[in-house]
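Top line first, the protein sequences correspond to chains L and U. My numbering runs 670 ahead of the 1-based position in the first sequence. My numbering runs 9 ahead of the 1-based position in the second sequence. The structure appears right after this line, and notes come after that.
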Amino acid sequence: GAGVSQSPSNKVTEKGKDVELRCDPISGHTALYWYRQRLGQGLEFLIYFQGNSAPDKSGLPSDRFSAERTGESVSTLTIQRTQQEDSAVYLCASSPSIGLNEQFFGPGTRLTVL
Amino acid sequence: AQSVAQPEDQVNVAEGNPLTVKCTYSVSGNPYLFWYVQYPNRGLQFLLKYITGDNLVKGSYGFEAEFNKSQTSFHLKKPSALVSDSALYFCAVSNYGNNRLAFGKGNQVVVIP
């Protein structure tokens, strides 16, 4: 079956512009996660959604970052007024439910802020 | 807060030799431990997990990991490494009720033919 997909695969933008990254989770997965992976670093948790519950936004690094999810489908991560330090690979993952299930990762979006 | 340490940046091993990738963790409560592998230009792939039960967990591609509570470790092992095992390996931990996975910085494994 189809895995987690993300678009675009690469995004180059100028400092100060807004960007929107998209994630399509595996159908039927109720949990969706966003992570950031800076060059040479591990994954940094950003936000997660579980069904209709309020999202856990505790990992968002600043108020320039926001994310939305429509029901149990597509999610978008928006970064406003991008800065060079936002350059990273943004990874999305989904899982059938919270807690003990492994997360299935998409290929990521590589964001470069010039 | 949970955290993971992967002390070695790179692990070099000759093809056919045993491979070990080290991971130690810190978490309040019972740990739930995961290993993922990342091949170049691809997303993370799940290898194995420890939730409860036997301390030795077997996973994909011949990998296994041993949970050691007293040493707070979850080292990844493979008896005989293949060149195709060359990749970036991440250890991750969470505790039940906390859905955030804390990842280590990753270990680059290089298997030398």
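The C-beta atom is built at its ideal place from N, Cα and C for all residues, glycine as well.
Rounded to whole angstroms, the gap between the alpha carbons of residue 694 of chain L and residue 765 of chain L is 12 Å. By the Cβ rule, the segment 715-724 of chain L does not count as touching the segment 91-106 of chain U, because fewer than three pairs are nearer than 8 Å. Relative to residue 700 of chain L, the option among L/773, L/760, L/729 whose CA is nearest is L/773. The beta carbon of residue 17 of chain U sits closer than 7 Å to the beta carbons of 31, 116 from its chain, once the five residues preceding and following it are set aside; these are given in chain order.
Put simply, of L/696, L/725, L/676 the residue whose alpha carbon is nearest the alpha carbon of residue 736 of chain L is L/725.
For residue 42 of chain U, the enclosing beta strand (DSSP E) stretches over residues 40-47. Across the structure, residue 742 of chain L and residue 10 of chain U are spaced so that their CA atoms are roughly 28 Å apart. Between the beta-carbon of residue 751 of chain L and that of residue 734 of chain L there is about 6 Å, and that keeps the pair under the 8 Å contact cut.
Taking 9 Å as the upper bound on Cβ-Cβ separation, chain U lies near residues 711, 712, 713, 714, 715, 718, 720, 726, 728, 729 of the segment 711-733 of chain L.
Contact annotation: residue 118 of chain U and residue 57 of chain U have beta-carbon atoms that are not nearer than 8 Å.
Look at residue 62 of chain U: its C-beta is not under 8 Å from any C-beta on chain L. One Cα belongs to residue 25 of chain U, the other to residue 723 of chain L, and the distance between them is close to 48 Å.
Residue 87 of chain U is classed as buried because its beta carbon has at least 16 other beta carbons within 10 Å across all chains shown.
Cβ contact annotation for residue 38 of chain U (same chain, cutoff 6 Å, sequence separation greater than five): 104, in chain order.
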